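A.B. asks:
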Amino acid sequence: MYLSILILPLLGSIVSGLMGRKVGVTGSHVITISCLFLSSVLATISFYEVGICGSPVSIQLFSWIDSENMSISWEFLFDSLTVSMFIPVLYISTLIHLFSVNYMGEDPHNQRFFSYLSLFTFFMLVLVSGANFFVLFVGWEGIGVASYLLINFWWTRIQANKAAMLAFTMNRVGDMGLSIGFFAIFALFGSLDYATVFNLVPFMNETAITIIGLLLLTGAMAKSAQIPLHSWLPGSMEGPTPVSALIHAATLVTAGLYLLVRTSPILEYSPTALLVITLTGSITAFVAALCGLVQNDIKRIIAFSTISQLGYMVLAVGLSKYDVSLFHVINHAFFKALLFLSAGSVIHSMADQQDIRRLGGLINFLPFTYTIMLIGSLSLLATPWLTGFYSKDLIIELGYAQYGFSGYFAYILGSLTAGLTAFYSFRLISLTFLTYPNAKRTDYLNSHEASLSVVIPLTILALFSIFFGFVFSDLFVGVGSDFLSNSIFVHPNHITLIEAEFSLPILIKLLPAILSLLGAISGLFLYHKTPEFIISLTETSSPKTPIFGAGRTVYTFLNSKFLFDVVYNKYIISGGLKLGYTITKVLDKGVIEVVGPHGLSSVLTKTGLNVAKLDTGVVTTYSLYICLGLLTLLFIVCAPVLLDTSLLSEIRLFLIYLSSLVLVFKTSSK
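Going by mature numbering (1 follows the signal peptide of the UniProt record, and there is no 0), the letters in the sequence shown line up with residues -20 to -1, 1 to 650, in that order.
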C-alpha cells in the first residue's frame, strides 16, 4: 500500500505523457485524477496507521550503491513526518488537477500538462518518503526539473523561458550547497542513512555540525525562497495558475522546510545554525511583506505572501519549534492554494487580466470567487479560529518566549509582518472586488463563475482553510502531544511551548492580532472607502515636495524588490560573465590551446616546415651543416672534460650515436 502512494502518480504521468495521443484529453484527465485520488485515499489510511496509531514503516527495495564503506539502498521511510506531508501534497495536487480540467480546457497540450503535474507530485512524494539523503536528493532534483518544465510550459513566451531559467539556475546554487552538505555528512558520519547519522550527532564536533547545518540551510534557502535566494519565486508566476498554486502550496517551496524539519537532530546541536536560521526567516518574512505592499499583479502579490509565510516557517525552525513549523506548512498549503486558484478564477473570467488596478467591482459579478478569496485572506491573516490562526500566531508567541535577542527580533519582525500582510491582502480584495469597475465593459459582460470542476476544489480548500487548524491543532502542536516524537528531535533546553502558552502577557499575545486588524482596516479605508483621497494626494502634491519625493523613492525601492535583481545583474551576473570571458580567452584559448593537442600539432607542423626550408640545394650550405654537426659532436664528446655534465652522463652515448646517425644519413644522401 505504501509504495502504491508513490507509484500511482508516476503511472498517471507516464500514461498521460507517453500515451497521450492514445488516451486523448479526457482519458488523460480521468487517468491522472483517478491515480491521484487513489493515492490520496491510501495516504489518508497511512496517516491513520502511521501517525495516529504510531507505527512507522520502513521499506527497503534493493541496494543502489555498494562501494567499500559507502552503502546506499533504495529505502523509503513512512513516519509521522512523512505521512503528514503526504496530506497537503496529495490532497492539493488532486484538487489542482481537477481545477485544471476547466482552467486549461482550451490549451492544446493538456496531456503534457497533466503529465508534468503528476510527475511533479511523484518527485515530491519521493523526496518526503526517502529513508536516506540520497533518495531525498533524487526527489529534490526531480522537483527542480519538473518545476522548470511547468514554469516554461508556455515555452513560446520569452518571459516564461527567462523565469524558468532563473528558477532552475538559482536552485542550482542551493543544490550546490546541499551537495557539499551531503558530502560533509558522509565524510563525518560515514553514512547517509537518517538513522545512522541522527544517532551519531551528539558525539560529533560542534563546529562540523554547524558547517553541515549551514550547508543544509543553503539548500533550503534556494528551494524555499529565503533571502537572498528568493528572487526566482515571483518570476515563476509566468507559468499557468495551477502551476503557481502547486509550487507555492504543496510541492517545491515546502521541500526546503521539510529538509530542515527532517534534519532537526543535526540542527539542535548547533546553536549558531539555529540563530542564523531564525534571523534569515525573520528578515525574509518582513522584507517580502514590504515588497508585497506595492505589487499590482494579483499573482505576484500572493507570491510575495508565500515568501513571507515561508519566512515564518523557517523562523519557527530556528526557534526549535519543528512541529509548529510543519503545522504551518500544512495550514499554509490549504489557504495559499485557495488564494491562487481563486486568483486564477478571476483571471480566467476577466480575459486574462492580472493587474488589480484594471479590475474592480467584481463582487457583483463573481460573488462565489469573492467569498472564497475572502476566506483564504482571512485565514492568511491568522483570523481567530480559522486555520492560519493556530500556527501563525503561535510562531510569533514562541519567539517572545525565547527571552533572548533572536526571539525578540523574531517577535518584533513577525508582528510587523502580520500587520503588513493584512494590509496588502485587503488591498488586493479592495482593488479587485470592492472599488470602482476599471476593466473593459466587454470583460464584465463576459465574466462568469467557473464550472463545477472549479467550484468543487475551491469549496473543499475553503473548508480546509476554515476547519483544519481547529481540528488538528492539538494533534500537531498540542501540549504533551507525541504525534511527531518518532520523527523530530528537540533538545530539552529548547522547549518553550509551555512558556508561550501560559506565561506571556495578554498584550504580547494580542499584539499580532491588533496589528493585523489595523492593517486590514487601513487597506480597506485607503483603497475602498477613499480611493479618491490617494488620487488627489498624488495630483495635488508637487514632485518637489520633500514628503512626496521621499514617498516616491520608498515606493520605487519597494517596487524594485529591494534592488536584489539589480545587484545580481550588475555585480554578480555581469562579473561572472566577465570572468568567464577572461577564462575562455586566456585559459581555454590561450594556455590550454598552446599546451594541449592543438598547440602540440601546430608546433610539430611549423617545425617540419622550418626544417624543410633548410633543404636549399646549395653545396656550401650543406658543408656548413656538416661542419656544425661535427662541432656539436665534438662538444658532446668533450663536454665532460670542459663542464660538469653529470646530468648528461647517462644519455651522452645516446646523443653521440644520434649525431653520428644524422651525419651518416646526410653524407649518404649526397
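For glycine and all other residues, C-beta sits at the position ideal for the given N, C-alpha and C.
Remember, predicted model here, so these are calculated numbers, not experimental data.
Looking at the unbroken alpha helix (DSSP H) that takes in residue 481, where does it start and where does it end?
C.D. replies: Here residue 481 is taken as the residue at index 501 of the sequence shown, counted from 1. Element bounds for residue 481: 477 to 482.
A.B. asks: Beta-carbon within less than 8 Å of residue 464's beta-carbon, same chain only, minus the 5 sequence neighbours each way: which residues are those?
C.D. replies: Here residue 464 refers to the residue found at position 484 of the sequence shown. So the qualifying residues of the chain are 60, 61, 64, 302, 303, 306, 456.
A.B. asks: Can you find the residues in the same chain that come closer than 6 Å, C-beta to C-beta, to residue -11, ignoring five residues on each side of it along the sequence?
C.D. replies: As a position in the sequence shown, residue -11 is number 10, starting the count at 1. 102.
A.B. asks: Are the Cβ atoms of residue 691 and residue 217 separated by less than 7 Å?
C.D. replies: Outside the shown range of the chain (-20 to 650) lies residue 691, about which nothing can therefore be said.
A.B. asks: For a minimum of 4 consecutive residues, which ranges assigned as the alpha helix (DSSP H) are wholly contained in the region 146 to 210?
C.D. replies: You should have 174 to 180, 186 to 203.
A.B. asks: When you measure from the CB of residue 51 to every non-hydrogen atom of the ligand FAD, does any distance come out below 6 Å?
C.D. replies: The ligand FAD is absent from the structure shown, which contains no ligands of any kind.
A.B. asks: Residues in the same chain with beta-carbon distance under 6 Å from residue 244, minus the five sequence neighbours each way, listed in chain order, please.
C.D. replies: Stepping through the sequence shown from its first residue, residue 244 is reached at position 264. Excluding positions up to five away in sequence, the list reads 302, 468, 469.
A.B. asks: So what does DSSP say about residue -20, is it helix, strand or coil?
C.D. replies: As a working note, residue -20 is residue 1 in the sequence shown. Correct three-state label for residue -20: coil.
A.B. asks: In whole angstroms, what separates the C-alpha of residue 519 from that of residue 506?
C.D. replies: Stepping through the sequence shown from its first residue, residue 519 is reached at position 539. Stepping through the sequence shown from its first residue, residue 506 is reached at position 526. Residue placement at residue 519 cannot be trusted, given a pLDDT of 49 that sits under 50; what the coordinates show is reported in the next sentence. Those two C-alpha atoms are separated by around 16 Å.
A.B. asks: Within 10 Å of its beta-carbon, does residue 434 have 16 or more other beta-carbons around it, so buried, or fewer, so exposed?
C.D. replies: Locating residue 434 in the sequence shown gives position 454, counting from the first residue. Looking at its Cβ environment, which holds 16 or more other Cβ atoms inside 10 Å, residue 434 is buried.
A.B. asks: Less than 7 Å separating the beta-carbons of residue 329 and residue 428?
C.D. replies: As a working mapping, residue 329 is identified with position 349 in the sequence shown. As a working mapping, residue 428 is identified with position 448 in the sequence shown. Their beta carbons are under 7 Å apart, which means residue 329 touches residue 428 by this criterion.
A.B. asks: Between the C-alpha atoms of residue 366 and residue 161, what's the straight-line distance to the nearest angstrom?
C.D. replies: Translated into the one-based positions of the sequence shown, residue 366 becomes position 386. Translated into the one-based positions of the sequence shown, residue 161 becomes position 181. C-alpha separation (whole angstroms): 39 Å.
A.B. asks: Do residue 347 and residue 78 count as a contact pair if the criterion is CB distance below 7 Å?
C.D. replies: Position 98 of the sequence shown, counted from the start, is the residue given in the question as residue 78. Position 367 of the sequence shown, counted from the start, is the residue given in the question as residue 347. In this structure, residue 347 does not lie closer than 7 Å to residue 78 by Cβ.
A.B. asks: Between which two residues does the beta strand (DSSP E) containing residue 32 stretch?
C.D. replies: What you label residue 32 is simply residue 52 of the sequence shown in a count that begins at 1. Neither: residue 32 is in no beta strand (DSSP E) and is coded neither H nor E.
A.B. asks: Ordered along the chain, which non-local residues of its own chain (more than five positions away) have a Cβ less than 8 Å from that of residue 561?
C.D. replies: Within the sequence shown, residue 561 is the residue found at index 581, counting from 1. Excluding sequence neighbours, residue 561 sits near nothing in its chain.
A.B. asks: Report yes if the CB atom of residue 57 is closer than 7 Å to the CB atom of residue 38, and no otherwise.
C.D. replies: Start at 1 with the first residue of the sequence shown, and residue 57 comes out as number 77. Start at 1 with the first residue of the sequence shown, and residue 38 comes out as number 58. Contact flag set, yes.
A.B. asks: Helix, strand or coil for residue 110? Go by DSSP, reduced to three states.
C.D. replies: As a working note, residue 110 is residue 130 in the sequence shown. Residue 110 falls in the strand class under three-state DSSP.
A.B. asks: Need the endpoints of the alpha helix (DSSP H) that residue 284 sits in, please.
C.D. replies: Numbered from its first residue, the sequence shown carries residue 284 at position 304. Start and end: 278 to 298.
A.B. asks: Just mark residue 157 as buried or exposed, buried being the case when its beta carbon has 16 or more other beta carbons within 10 Å.
C.D. replies: On the sequence shown, position 177 is the one that residue 157 refers to. So residue 157 ends up on the buried side.
A.B. asks: Mind pulling the beta strand (DSSP E) runs of 3 or more residues that sit fully within the region 8 to 73?
C.D. replies: Segments of the beta strand (DSSP E) lying fully in the region 8 to 73: 37 to 47, 50 to 58.
A.B. asks: Any idea if residue -19 is buried or exposed, counting beta-carbon neighbours within 10 angstroms, 16 or more meaning buried?
C.D. replies: Walking along the sequence shown from the start, residue -19 turns up at place 2. Per the 10 Å Cβ criterion, buried.
A.B. asks: Where does the unbroken alpha helix (DSSP H) through residue 301 begin, and where does it stop?
C.D. replies: In the sequence shown, the residue the question calls residue 301 occupies position 321. First-last for residue 301: undefined, no H or E at that position.
A.B. asks: Between which two residues does the alpha helix (DSSP H) containing residue 551 stretch?
C.D. replies: Along the sequence shown, read from residue 1 onward, the residue named residue 551 stands at position 571. Per DSSP, residue 551 belongs to no alpha helix (DSSP H) and is neither H nor E.
A.B. asks: Using the rule of at least 16 other Cβ atoms within 10 Å of the residue's Cβ for burial, across every protein chain shown, is residue 15 buried or exposed?
C.D. replies: For the purposes of this step, residue 15 is taken as the residue at position 35 of the sequence shown. Looking at its Cβ environment, which holds 16 or more other Cβ atoms inside 10 Å, residue 15 is buried.
A.B. asks: Take residue 480 and list the residues in its own chain whose beta-carbon comes closer than 6 Å to its own, dropping the five residues that flank it on each side.
C.D. replies: Position 500 of the sequence shown, counting from 1, holds the residue named residue 480. Excluding residues within five positions, the ones whose Cβ falls inside 6 Å are 377, 378, 381.
A.B. asks: Roughly how many whole angstroms lie between the Cα atoms of residue 545 and residue 342?
C.D. replies: Numbered from its first residue, the sequence shown carries residue 545 at position 565. Numbered from its first residue, the sequence shown carries residue 342 at position 362. Straight-line Cα distance between these residues: approximately 34 Å.
A.B. asks: Throw me the rounded Cβ distance for the residue 20 and residue 74 pair, which I believe falls under 8 Å.
C.D. replies: Within the sequence shown, residue 20 is the residue found at index 40, counting from 1. Within the sequence shown, residue 74 is the residue found at index 94, counting from 1. At roughly 5 Å, the Cβ-Cβ gap stays under 8 Å, so residue 20 and residue 74 are in contact.
A.B. asks: Tell me whether residue 87 sits in a helix, a strand or coil according to DSSP, three-state version.
C.D. replies: Counting from 1 along the sequence shown, the entry for residue 87 is found at position 107. In this structure, residue 87 counts as coil in the three-state DSSP scheme.
A.B. asks: According to DSSP, is residue 462 part of a helix, a strand, or is it coil?
C.D. replies: Counting from one through the sequence shown, the residue named residue 462 turns up at place 482. In the structure shown, residue 462 sits in coil (DSSP, three-state: anything other than H, G, I, E or B).
A.B. asks: Checking the sheet assignment: what are the DSSP bridge partners for residue 335?
C.D. replies: Counting from 1 along the sequence shown, the entry for residue 335 is found at position 355. DSSP lists 277 as partners of residue 335.
A.B. asks: Which whole-angstrom value describes the C-beta separation of residue 8 and residue -5, a residue pair presumed to lie in contact below a C-beta threshold of 8 Å?
C.D. replies: For the purposes of this step, residue 8 is taken as the residue at position 28 of the sequence shown. For the purposes of this step, residue -5 is taken as the residue at position 16 of the sequence shown. Confirmed, about 4 Å.
A.B. asks: Measuring alpha carbon to alpha carbon, tell me which of 255, 356, 405, 597 ends up nearest residue 448.
C.D. replies: Here residue 448 refers to the residue found at position 468 when the sequence shown is read from its first residue. For the residues 255, 356, 405, 597, the minimum Cα distance to residue 448 belongs to 356.
A.B. asks: If we call anything under 7 Å between Cβ atoms a contact, is residue 276 one with residue 336?
C.D. replies: What you label residue 276 is simply residue 296 of the sequence shown in a count that begins at 1. What you label residue 336 is simply residue 356 of the sequence shown in a count that begins at 1. Going by C-beta atoms, residue 276 is nearer than 7 Å to residue 336.
A.B. asks: Can you give me the C-alpha to C-alpha distance between residue -16 and residue 93, rounded to a whole angstrom?
C.D. replies: In the sequence shown, counting from the first residue as 1, residue -16 sits at position 5. In the sequence shown, counting from the first residue as 1, residue 93 sits at position 113. Computed Cα separation, rounded: 21 Å.
A.B. asks: Please go through the same chain and pick out, in chain order, the residues whose beta-carbon is closer than 6 Å to the beta-carbon of residue 80, but skip the five residues on each side of it.
C.D. replies: Here residue 80 is taken as the residue at index 100 of the sequence shown, counted from 1. Excluding sequence neighbours, residue 80 sits near 222.
A.B. asks: Using DSSP with H/G/I as helix, E/B as strand and the rest coil, what is residue 656?
C.D. replies: Examination of residue 656 is not possible in this model, given that the chain is present from -20 through 650 alone.
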